[in-house]
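Report on one structure; see the data block that follows.
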DNA sequence: AGAGTGCTTGACGTTAACGTAAATGTAACG
DNA sequence: CGTTACATTTACGTTAACGTCAAGCACTCT
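Shown next, in the form of structure tokens:
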């Protein structure tokens, strides 16, 4: 069984992040490692939170979004209103992502058309400028 | 027929940008308006370039990318090697956009799964942390 | 004790594309 | 000539998520 307390380096190796990142997350109040004198010791709790953080980032949430979600979660995991709030946050983010994808689709289609048509951006751009 | 020379405000109204933006583009050498004393006067040429700039932005090109493309275009619109170069830039950008869309698709799918499964991000995040 | 290794806390740097504010100019109107 | 309405330059501010030193402590090995 993996030790309950991990040094910053062990954390970095385990999660593929830099020490700077972990300290940054602590400064932003996303993590709260214990101290052994001056050194940080990360608990299971920190590891769980870090997983959530990295997962949230993959979803495109900002660190601030993530912090809010984690705070709600820690304050009272069973509070219905807060769960709803988080749900709404996720829904909102999902809508953003889908809108972004739609824009991207349009841009990709247009750019492909340029390439297919003129054989070069320039030609496409010139036509667009008429 | 619309006058050949336009003030900064006319440009802003016509293209829905701010004066700051036009001055910024000039500073970045994307536009080269004439001067009437101290005031800028934008020519048809500037308008054509601005259209290209805004179009490039929709494609997700950086201003620096756009500047390079415009420079090649102005220097010699018929130079084959330069046309090829621009073509490659566009291809590269297209590849980036498609990669980005792929990532977005994965994230959207995952996030949807979370929402469908647990009814809340928190639940999803908790399962992920186990 | 000296060397090496790893950890710590500052604190400034990076990137893009402008926003915003301050001080000044100047053209036209009445 | 005074006011109004835009224009100009200069230059610092913004945002996110860290990167990159710099200087120094803490422990261990020899």
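Residue numbers (the UniProt record's numbering), protein chains in the order written: chain P, 1 to 130; chain Z, 1 to 130.
The C-beta atom is built at its ideal place from N, Cα and C for all residues, glycine as well.
By the rule that beta-carbons nearer than 8 Å mark a contact, residue 74 of chain P does not touch chain Z. Excluding its 5 nearest sequence neighbours in each direction, residue 61 of chain P has C-beta neighbours in its own chain below 7 Å: 93, listed in chain order. Per the DSSP secondary-structure output, residue 6 of chain Z pairs in a beta bridge with Z:42. Going by DSSP, residue 36 of chain P is part of the beta strand (DSSP E) stretching over 34-36. At a cut-off of 8 Å between beta carbons, residue 40 of chain P makes no contact with chain Z. Where residue 21 of chain P is concerned, the enclosing alpha helix (DSSP H) starts and stops at 19-27.
Of all residues in the segment 93-105 of chain P, those with a C-beta nearer than 9 Å to a C-beta of chain Z are 93, 94, 97, 98, 100, 101, 103, 104, 105, reading in chain order.
When P:6, P:102, P:55 are compared, the shortest CA-CA separation from residue 45 of chain P is found for P:6.
Under the three-state reduction of DSSP output, residue 61 of chain P falls in the coil class, being neither helix nor strand. At a Cβ-Cβ threshold of 8 Å, residue 49 of chain Z and residue 70 of chain Z count as neighbours.
A direct Cα-to-Cα measurement between residue 25 of chain P and residue 8 of chain P gives close to 12 Å. Under the three-state reduction of DSSP output, residue 74 of chain Z falls in the helix class. For the UniProt domain "HTH merR-type" (5-72) of chain P, the beta-carbon criterion of a distance under 7 Å to any beta-carbon of chain Z is satisfied by 48, 51, 52, 55, 58, 59, 60, 69. Not one beta carbon of chain P lies nearer than 8 Å to the beta carbon of residue 113 of chain Z. A residue is called buried when at least 16 other Cβ atoms come within 10 angstroms of its Cβ; residue 20 of chain Z does not meet this threshold and is exposed. Excluding its 5 nearest sequence neighbours in each direction, residue 28 of chain Z has C-beta neighbours in its own chain below 7 Å: 63, 67, listed in chain order. When the Cα atoms are used, residue 35 of chain Z and residue 59 of chain P turn out to be separated by approximately 49 Å. Taking residue 65 of chain P as the centre and dropping the five residues before and after it, the same chain places the C-beta of 56, 89, 93 closer than 8 Å to its C-beta, in chain order.
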